[in-house]
Amino acid sequence: MYRAVLLAAGLSAFSSATAAKLEIFSWWSGDEAPALRALLRLYQQKYPDVSVNNATVSGGAGTNAKAVLKTRMLGGTPPDSFQAHAGQELIGTWVVANRMEDLSSLFKSEGWTKAFPADVVKLISSKGGIWSVPVNVHRSNVMWYNPAKLRAWGVTVPKTWPEFLTTCTALKAKGVAAPLVVGENWTQQHLWENVMVGTLGADGWNNLWSGKLKFTDPKVVGAFTTFGKVMDCTNKDASGLSWQQASDRIVDGAGAFNIMGDWAAGYFSNTRYLLPNTGFGWTTAPGTEGLFVMLADSFGLPKGAKHRTEAVDWLKLLGSRQGQDTFNPLKGSIAARLDSDIRRYSTYSRSAATDWKKDKIIGSMTHGAVAPESFTSAFGAVIDQFVANKNAQSAAAAAQQLADKAGLGK
Ligand code: GAL
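Residues -19 to -1, 1 to 391 (mature numbering (1 follows the signal peptide of the UniProt record, and there is no 0)) are what the sequence shown spells out, left to right.
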């Protein structure tokens, strides 16, 4: 008996030491989880012996997850693979700190340098290396609404920000207290980027990040002023709302519009079970027609990952056609790959895929594509201050200080 217990204990210690495991780290929990869960199911079908730990830290745009990741990376206990936005969010942090493995050879063996658009590969490359595998392409510049409600209020979708302000006045006169719904700080940054792009245009936006256009330029100060007027059209309880709660207000008719990335399409369809064009409607954010403000979620391989083989298999799956066409129809995004099967996607995603091919592509600041992480992580405080005092000059000066510190244009 004693011997049998010892033997059993020994066996289980042996199996836990050798069992294949994989820890995936992301902020896709709760309402945001269905797409990731589908991808993990596919992984489990292919690798049934691997025990997968789906480690999530909830909070839209990764605000909480990024802080936890930092503690783990600096503490020497990285997850096997973690979510990070393609672009500066990963490159400006863990790549410059030499904490990531170069995935160039994986890109070569999987044929990914051709499978993904050249611009996407460029976004995830630096210093001769390729640093993460993009699982999708999301669009930031979408304005969502409830078609039946707009009809009832007798308003149409505004095409420019000045037009939006006129619509806002009309809606307020009809008793709609918050014509535009917004949520916690990062969703306000998301709105800010859309007001900037819609006011400055693609070149102006790109010039901000290359340092050619100063935040203190009268055009940018003017765009801040417009952003202030837009914020006057929003709900007063913004800071306490998640992006999902803000989306709910559109569905429920408490507000008319919401500017949010197209993960909202995934939420409307797969959590609220609404149909595109009837349950929810969309258009490009004011002033951004013909522009596609993009961001991509990607996964990387930190140096020192405990389960490297399993993590590489995970990366192979999420970069594959099957992986991307399993994940993205549920997520609201389109595949980053060029060969995805569009028949599997919703009406909304088909429209995004068409625009992705013909629009001018620019990158999102809020979601890690264009600005150095040192800028993005500090910019939330500028927005908070501006929302409190609406002083466009001082917000522009503070943003320029961040830009100088981050070395934009150097
Ligand atoms: C973005 C991310 C999306 C979605 C969204 C809301 O930053 O790229 O995939 O998760 O945040 O949390």
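Every residue gets a Cβ at the ideal spot worked out from N, C-alpha and C, and that includes glycine. The model shown is predicted, which means the values in this text are computed figures rather than measured ones.
Under the criterion of a Cβ to heavy atom distance below 6 Å, does residue i qualify as lining ligand 1?
{"i": "H171", "result": "no"}
{"i": "A159", "result": "no"}
{"i": "D278", "result": "yes"}
{"i": "A348", "result": "Checking the sequence shown, residue 348 turns out to be His, not Ala. Answer for H348: yes, Cβ within range of ligand 1."}
{"i": "A246", "result": "no"}
{"i": "A78", "result": "no"}
{"i": "G156", "result": "no"}
{"i": "G268", "result": "no"}
{"i": "G361", "result": "no"}
{"i": "G110", "result": "no"}
{"i": "A42", "result": "yes"}
Measure the alpha-carbon distance for residue i versus residue j and round it to whole angstroms.
{"i": "residue 396", "j": "D233", "result": "In the structure as shown, the chain starts at -19 and stops at 391, and residue 396 therefore has no counterpart that could be examined."}
{"i": "E354", "j": "G68", "result": "10 Å"}
{"i": "Y126", "j": "D229", "result": "10 Å"}
{"i": "H348", "j": "K27", "result": "31 Å"}
{"i": "residue 392", "j": "F308", "result": "Outside the displayed span of the chain (-19 to 391) sits residue 392, for which this structure offers no information."}
{"i": "residue 394", "j": "G268", "result": "Nothing can be reported for residue 394, as the shown portion of the chain is limited to -19 through 391."}
{"i": "M54", "j": "A387", "result": "22 Å"}
{"i": "S(-5)", "j": "T252", "result": "Below a pLDDT of 50, predicted positions are generally treated as unreliable, and S(-5), at 44, falls in that range; no measurement from the model is reported."}
{"i": "A(-7)", "j": "N34", "result": "Confidence at A(-7) is low in this model, with a pLDDT of 45, below 50, so its placement is unreliable and the value that follows should be read with caution. Distance between the alpha carbons of A(-7) and N34: 19 Å."}
{"i": "A(-3)", "j": "K287", "result": "Confidence at A(-3) is low in this model, with a pLDDT of 46, below 50, so the placement of that residue is unreliable and no value is reported for it."}
{"i": "P15", "j": "P199", "result": "44 Å"}
{"i": "K47", "j": "N166", "result": "15 Å"}
{"i": "Q303", "j": "Q225", "result": "28 Å"}
{"i": "K210", "j": "T264", "result": "21 Å"}
{"i": "G156", "j": "T141", "result": "22 Å"}
{"i": "R331", "j": "G164", "result": "27 Å"}
{"i": "D66", "j": "V274", "result": "Per the sequence shown, the amino acid found at residue 66 is His instead of Asp. So the two alpha carbons sit approximately 14 Å from each other."}
{"i": "T44", "j": "H119", "result": "18 Å"}
{"i": "N175", "j": "D322", "result": "30 Å"}
{"i": "K341", "j": "P29", "result": "43 Å"}
{"i": "L152", "j": "G135", "result": "9 Å"}
{"i": "G185", "j": "P139", "result": "22 Å"}
{"i": "F208", "j": "D83", "result": "40 Å"}
Tell me which same chain residues have a C-beta within less than 6 Å of the C-beta of residue i, skipping the five on either side of it?
{"i": "A373", "result": "V202, F205, T206"}
{"i": "N216", "result": "A159, V162"}
{"i": "V31", "result": "A1, L3, E291"}
{"i": "F367", "result": "A376"}
{"i": "L131", "result": "none"}
{"i": "V351", "result": "W190, G344"}
{"i": "R289", "result": "none"}
So which of the options has the shortest CA-CA distance to residue i?
{"i": "V38", "options": "F63, L55, S10, A19", "result": "S10"}
{"i": "T168", "options": "I240, P128, L84, I231", "result": "I240"}
{"i": "G57", "options": "Q25, W75, G40, Q64", "result": "W75"}
{"i": "F261", "options": "L276, D278, D243", "result": "D243"}
{"i": "P257", "options": "K210, Y326, K200, T137", "result": "Y326"}
{"i": "F6", "options": "D12, Q25, K51, Y254", "result": "K51"}
{"i": "S301", "options": "R318, K312, S314", "result": "R318"}
{"i": "A129", "options": "G109, T259, K108", "result": "T259"}
{"i": "T328", "options": "D218, W112, S250, K341", "result": "S250"}
{"i": "W295", "options": "Y24, W8, L17", "result": "Y24"}
{"i": "A78", "options": "T150, P283, G271", "result": "P283"}
Less than 7 Å between C-beta atoms, sequence neighbours within five positions excluded: which residues of the same chain meet that for residue i?
{"i": "G(-10)", "result": "Because the pLDDT at G(-10) is just 46, under 50, the model does not fix this residue reliably, and the point stays unresolved."}
{"i": "Q381", "result": "K195, F196, T197"}
{"i": "V(-15)", "result": "Confidence at V(-15) is low in this model, with a pLDDT of 46, below 50, so its placement is unreliable and no value can be given for it."}
{"i": "A378", "result": "T197"}
{"i": "A36", "result": "E4, I5, F6, P60"}
{"i": "I72", "result": "S107, W112"}
If I measure Cβ to Cβ from residue i and keep anything under 8 Å in the same chain, skipping five residues before and after, which residues do I get?
{"i": "L299", "result": "L20, V114, V116, F280, Q305, F308"}
{"i": "T357", "result": "Q69, E70, M346, T347, G349"}
{"i": "D320", "result": "A96, R302"}
Inset, instruction - Give, in chain order, every unbroken run of the alpha helix (DSSP H) that is at least 4 residues long and sits entirely within the region 223 to 250. - result: Counting whole runs of 4 or more residues, the region 223 to 250 contains the alpha helix (DSSP H) stretches 224 to 233.
Inset, instruction - Ignoring anything shorter than 3 residues or poking outside the region 105 to 191, list the beta strand (DSSP E) runs there in chain order. - result: 123 to 126, 159 to 161
Inset, instruction - Starting from the N-terminal side, write out each stretch of the alpha helix (DSSP H) that is 4 residues or longer and does not extend beyond the region 46 to 102. - result: 85 to 91, 93 to 96
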